[in-house]
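Peer 1: Quick note on our numbering: the sequence shown kicks off at 972 and runs consecutively. A virtual CB, placed ideally from N, CA and C, is assigned to each residue, including glycine. I have a structure I would like to understand better, so I am pasting it below and will then ask my questions one at a time.
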Amino acid sequence: MGSLDEEVVQGEPVSGDVTELRREHARCDDRISLFYAPIDTEDEAHESSAESIFDGLVTGADDNPRLYKLLFDIDQKLNLLLKHMSDSDGFALPEATDVNISGGGLRFVSKESFTEGALLRIKTVLPNLAGKVDLKCEVVRSTAKENGTYEVAVKYLDLSEATREIIIKYIFATQRKQLRSERSIPTE
């Protein structure tokens, strides 16, 4: 398996002017809530209070995916209110962010830069399947953007096949949803 960098930039010309990127894993763009933090190699067991609260918010999501989907939609609609509350008392919930996710890695936008090779713990719930995912990742790239944020690409480390399957099912479900949405838009 190649590194995430190889997956992103590796391409072979096919017919005509088209270049098809050949990747090992399917991928999709979506907007999901992420909690991410550097892994302290000396004390990996220590969790921040925001991380503990995030775990509490997603407990039980695997039990009832339909209910979780409805709650996730409500949560997105109340995001501004939660942001206001978090700003006023110093408490921070993970905000939804644009991601590009695959079975081999994840790309997301961060307010902070990470060094190549840094280890991150990423926790999220995949909305369409309500699959709670806890990932140990290695930063393969952190690129500054014009707006002062950073595009961070990570590859998964020590990912179980069961967790990879949850991610892949989520990707295919999201791709189906996006295709249905595109087909329902009337063309002029």
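1) May I have a chain-ordered list of the beta strand (DSSP E) segments no shorter than 3 residues that lie completely inside the stretch 1078-1123?
2) Which first and last residues belong to the beta strand (DSSP E) in which I1072 is found?
3) Could you give the C-beta distance for R1092 and I1010, rounded to a whole number, given that I count them as a contact under 8 angstroms?
4) Rounded to whole angstroms, what is the Cα-Cα separation between A1089 and A1124?
5) Give a yes or no on whether the C-beta atoms belonging to L1097 and Y1127 are separated by under 7 angstroms.
6) Going by other Cβ atoms of all chains shown within 10 Å of its Cβ, with 16 needed for buried, is K1082 buried or exposed?
7) Give the DSSP-derived three-state secondary structure of L1130 in the structure shown.
8) Between C999 and the rest of its own chain, which residues show a CB-CB distance below 6 angstroms, the 5 nearest in sequence each way excluded?
9) Spatial neighbours of Y1007 within its chain, please: CB distance less than 6 angstroms, with the 5 preceding and 5 following residues excluded, ordered by chain position.
10) Closer than 8 angstroms by C-beta to F1085: which residues in its own chain qualify, once you throw out the five before and the five after it? Chain order, please.
11) Strictly by DSSP, which residues pair up with P1009?
12) Decide if R1078 is buried, meaning its Cβ has at least 16 other Cβ atoms within 10 Å, or exposed.
13) If you count every other CB in all the chains shown that lies within 10 Å of the CB of S1152, and 16 or more means buried, which is it?
Peer 2: So, from the data block:
1) 1090-1097, 1102-1115
2) 1067-1073
3) 5 angstroms
4) 11 angstroms
5) no
6) exposed
7) coil
8) I1142, T1145, Q1146
9) L1091, I1093
10) P1009, L1091, V1110, S1113, Y1121, V1123
11) L1091
12) buried
13) exposed
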